[in-house]
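Peer 1:
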Amino acid sequence: MSSSADQYDEPLFYQVMQYARTADRDVVDMVSGNPDWEPPRALRAGLTTYADADVDEFQYPPSEGLTRLRESICEQQSIDISRVLITHGAAEANYLAMATALESYSGQEFVVVDPVYPYYPGKATMLGGTVTRVPVRKDGHLDVGAMQEAITNDTVAVICNTPNNPTGAVYRQSSLQSLAEFASTVDAALIVDEVYARFDFTGQFKTALTLAADNVIVTTAFSKSMAITGFRIGYAVFPSHLVDQAATRHMLVMVSASRPAQAAVAAALKQTGSNYYKETRAMLRHRVQSFIEGLETAGASYIRPEGAFYVLARFDGFSGTLRNVKRLIDEAGVAGMPGAAFGSSYDEWMRFSLCTDRTTTAGDRLAAFF
Ligand SMILES: Cc1ncc(COP(=O)(O)O)c(C=O)c1O
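Heads up, the final residue of the sequence shown is numbered 637 in our numbering, and it's a clean run with no missing numbers.
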């Protein structure tokens with residue numbers, strides 16, 4: 268592996284968390300993307316039921332995932348079951364998508380946006396690919412023209428994440444359609460990570476599975492939507508011509524995703540109505556608003572998220588360096604992530620996660636500090 272560890276989010280992420288944890292004062296943790304809210308009730312019940320299942324249900328599940336879980340997904344997404352692989356979180360789904368693109372399309376280069384979820388460049392480098400970053404527009408949306416300019420014959424895949432971490436943008440379906448078509452002209456895939464699909468505040472989000480293209484791979488997980496990042500259950504939907512090789516890789520690397528976690532998610536998916544997701548969104552909307560009020564008093568610039576659960580903010584004369592992040596922990600009692608963790612175009616900014624019920628306190632503290 269030629270990449271250095273500091274290219275990844277994780278060490279910086281842990282460094283900030285560790286610093287906040289050992290601070291000499293109370294700190295509102297707005298670093299992690301670990302939901303602090305309840306999973307669906309049916310998820311806990313599904314786990315309990317599984318504990319009493321027959322021993323044969325404690326053995327290897329089908330490599331591609333439990334049939335009842337895949338069937339529920341297909342019902343919701345209106346896709347053919349043969350295209351769905353249950354994975355070890357969105358993390359494995361993204362890895363499978365990227366590795367399969369490298370095997371099946373021509374080129375080595377992954378085109379991503381800047382700022383970007385840092386695991387994509389990390390995985391690209393690990394897989395022997397290269398990375399080209401294209402800055403997003405001021406509002407966090409895709410600069411489709413600039414991305415098309417960046418796409419070359421060496422491009423193997425364009426990776427987009429919507430709703431987006433860290434900008435909160437919910438990409439237009441027309442932008443993704445253009446990128447899928449453009450990628451196709453250079454024999455490349457479009458990978459769309461929809462792990463925050465349930466956190467769309469605009470009502471405009473549409474899965475990329477509805478795009479009219481055969482080079483689109485969709486990745487996602489239940490990690491955030493069901494508040495279970497520790498369960499490690501996600502899935503990838505491949506075009507029919509790619510699914511067999513992805514399934515082989517999945518089988519050789521993972522055998523399968525964890526069976527008890529799949530069983531619990533299957534039960535939850537079947538029994539959880541739209542109200543659960545609606546209530547979570549309402550709670551997050553409230554957190555966005557209360558935090559943003561503090562940011563306004565602090566005189567900060569910010570991007571109001573259209574989706575996901577992060578807020579990017581910039582404070583005049585106080586750029587988003589690790590040093591300043593530490594200062595905010597010590598002097599304001601609020602921990603965020605340095606913008607530089609996501610690339611260079613937002614290194615003046617900091618990202619604040621809304622996975623805390625103390626967003627009002629955090630906003631008040633920032634207002635008082637600035
Ligand atoms: C954009 C994005 N994709 C994927 C993941 C990882 O998802 P999982 O925990 O399901 O592997 C995250 C986690 O923060 C994320 O922000």
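We put the CB at the ideal spot given by N, CA and C, even for glycine.
Residues in the same chain with beta-carbon distance under 8 Å from leucine 595, minus the five sequence neighbours each way, listed in chain order, please.
Peer 2: Residue mapping note: residue 595 aligns to position 328 of the sequence shown, counting from 1. Here the set comprises Val601, Ala602, Gly603, Met617, Leu633 and Phe636.
Peer 1: Mind pulling the beta strand (DSSP E) runs of 3 or more residues that sit fully within the stretch 522-577?
Peer 2: Runs of the beta strand (DSSP E) inside the stretch 522-577: 568-570.
Peer 1: Count the other CB atoms, across all protein chains shown, that sit within 10 Å of the CB of tyrosine 327; report buried if there are 16 or more and exposed otherwise.
Peer 2: The sequence position of residue 327 within the sequence shown is 60, counting from 1. Classification for tyrosine 327: exposed.
Peer 1: Any chance the CB of glycine 470 is under 7 Å from a heavy atom of ligand 1?
Peer 2: Within the sequence shown, residue 470 is the residue found at index 203, counting from 1. Not under cutoff, so the answer is no.
Peer 1: Measure the alpha-carbon distance for glycine 212 versus phenylalanine 449 and round it to whole angstroms.
Peer 2: The structure shown does not extend to residue 212, since the chain spans only 268 to 637, so no value can be given for it.
Peer 1: Taking Cβ to Cβ, would you say leucine 314 is nearer than 8 Å to histidine 517?
Peer 2: Position 47 of the sequence shown, counted from the first residue, corresponds to residue 314. Position 250 of the sequence shown, counted from the first residue, corresponds to residue 517. No. Outside cutoff.
Peer 1: Which term fits leucine 519, buried or exposed, when burial requires 16 or more other beta carbons within 10 angstroms of its beta carbon?
Peer 2: Residue 519 sits at position 252 when you count from the first residue of the sequence shown. It counts as exposed.
Peer 1: Taking 6 Å as the limit, name every residue whose beta carbon sits nearer than that to some heavy atom of ligand 1, in sequence order.
Peer 2: With the cut-off at 6 Å, the residues found are Gly300, Gly356, Ala357, Ala358, Tyr384, Asn428, Asn432, Asp460, Val462, Ala488, Ser490, Thr496 and Gly501.
Peer 1: Suppose you measure from the CA of valine 380 to the CA of threonine 289; what does that come to, to the nearest Å?
Peer 2: The residue given as residue 380 occupies position 113 in the sequence shown. The residue given as residue 289 occupies position 22 in the sequence shown. Answer to the nearest angstrom: the Cα atoms are 34 Å apart.
Peer 1: Using three-state DSSP, classify cysteine 341 as helix, strand or coil.
Peer 2: Walking along the sequence shown from the start, residue 341 turns up at place 74. Three-state DSSP puts cysteine 341 in a helix.
Peer 1: Let's see if you can read the secondary structure: which residues bound the beta strand (DSSP E) around serine 620?
Peer 2: For this step, residue 620 is matched to residue 353 along the sequence shown. 617-620 is the span of the beta strand (DSSP E), which, as asked, contains serine 620.
Peer 1: Between which two residues does the alpha helix (DSSP H) holding leucine 369 run?
Peer 2: Mapped onto the sequence shown, residue 369 falls at position 102. Run containing leucine 369: 356-371, per the alpha helix (DSSP H) assignment.
Peer 1: When you compare only the Cα positions, how much space is there between glycine 655 and glycine 610?
Peer 2: The question about residue 655 has no answer, for the chain in this structure spans 268 to 637.
Peer 1: Alpha carbon to alpha carbon, what distance is there between glutamine 538 and threonine 469?
Peer 2: Stepping through the sequence shown from its first residue, residue 469 is reached at position 202. Stepping through the sequence shown from its first residue, residue 538 is reached at position 271. The straight-line gap from Cα to Cα measures roughly 25 Å.
Peer 1: Which word fits threonine 515, buried or exposed, when buried means at least 16 other C-beta atoms lie within 10 angstroms of its C-beta?
Peer 2: Stepping through the sequence shown from its first residue, residue 515 is reached at position 248. Answer is exposed; the Cβ neighbour count stays below 16.
Peer 1: Just tell me which of Met297, Ala424 and Pro430 has its CA closest to the CA of alanine 580.
Peer 2: Against the sequence shown, residue 580 aligns to sequence position 313. Of Met297, Ala424 and Pro430, the residue nearest in Cα terms is Met297.
Peer 1: With DSSP run on the structure shown, which of helix, strand or coil describes asparagine 591?
Peer 2: Walking along the sequence shown from the start, residue 591 turns up at place 324. DSSP places asparagine 591 in helix when its eight states are reduced to three.
Peer 1: Give the range of the alpha helix (DSSP H) segment to which aspartate 631 is assigned.
Peer 2: In the sequence shown, residue 631 corresponds to position 364, counting from 1. 626-636 is the span of the alpha helix (DSSP H), which, as asked, contains aspartate 631.
Peer 1: Where do the N-terminal and C-terminal ends of the beta strand (DSSP E) with tyrosine 502 fall, by residue?
Peer 2: Here residue 502 refers to the residue found at position 235 of the sequence shown. Looking at the DSSP string, the run of the beta strand (DSSP E) that includes tyrosine 502 is 501-504.
Peer 1: Starting from glutamate 376, follow the beta strand (DSSP E) in both directions and report where the run begins and ends.
Peer 2: Residue numbering aside, residue 376 sits at position 109 when the sequence shown is read from its first letter. Looking at the DSSP string, the run of the beta strand (DSSP E) that includes glutamate 376 is 376-381.
Peer 1: Roughly how many angstroms separate the alpha carbons of threonine 588 and tyrosine 569, rounded to a whole number?
Peer 2: Taking the first residue of the sequence shown as position 1, residue 588 is located at position 321. Taking the first residue of the sequence shown as position 1, residue 569 is located at position 302. Going by the C-alpha atoms only, they are around 16 Å apart.
Peer 1: Are there 16 or more other CB atoms within 10 angstroms of the CB of valine 483, so buried, or fewer, so exposed?
Peer 2: Along the sequence shown, read from residue 1 onward, the residue named residue 483 stands at position 216. So valine 483 counts as buried.
Peer 1: Quick check on the DSSP output: what are the complete alpha helix (DSSP H) runs of length 4 or more inside the stretch 424-510, in order along the chain?
Peer 2: The stretch 424-510 contains these whole alpha helix (DSSP H) runs: 440-452.
Peer 1: I need the DSSP call for leucine 394, collapsed to helix, strand or coil.
Peer 2: The residue labelled residue 394 in the question sits at position 127 within the sequence shown. Correct three-state label for leucine 394: coil.
Peer 1: Mind checking whether asparagine 431 and alanine 565 have CB atoms under 8 Å apart?
Peer 2: Residue 431 sits at position 164 when you count from the first residue of the sequence shown. Residue 565 sits at position 298 when you count from the first residue of the sequence shown. No, the Cβ-Cβ distance between asparagine 431 and alanine 565 is not below 8 Å.
Peer 1: For isoleucine 348, which residues from the same chain have a beta carbon less than 7 Å from its beta carbon, with the 5 sequence-adjacent residues on both sides left out?
Peer 2: Here residue 348 is taken as the residue at index 81 of the sequence shown, counted from 1. Counting only Cβ-Cβ distances below 7 Å, and skipping sequence neighbours, we find Arg337, Glu338 and Cys341.
Peer 1: Taking 7 Å as the limit between beta carbons, can you name the residues of its chain near threonine 434, skipping five residues before and five after?
Peer 2: The sequence position of residue 434 within the sequence shown is 167, counting from 1. Contacts found: Pro382, Val403, Gly407, Ile570 and Leu579.
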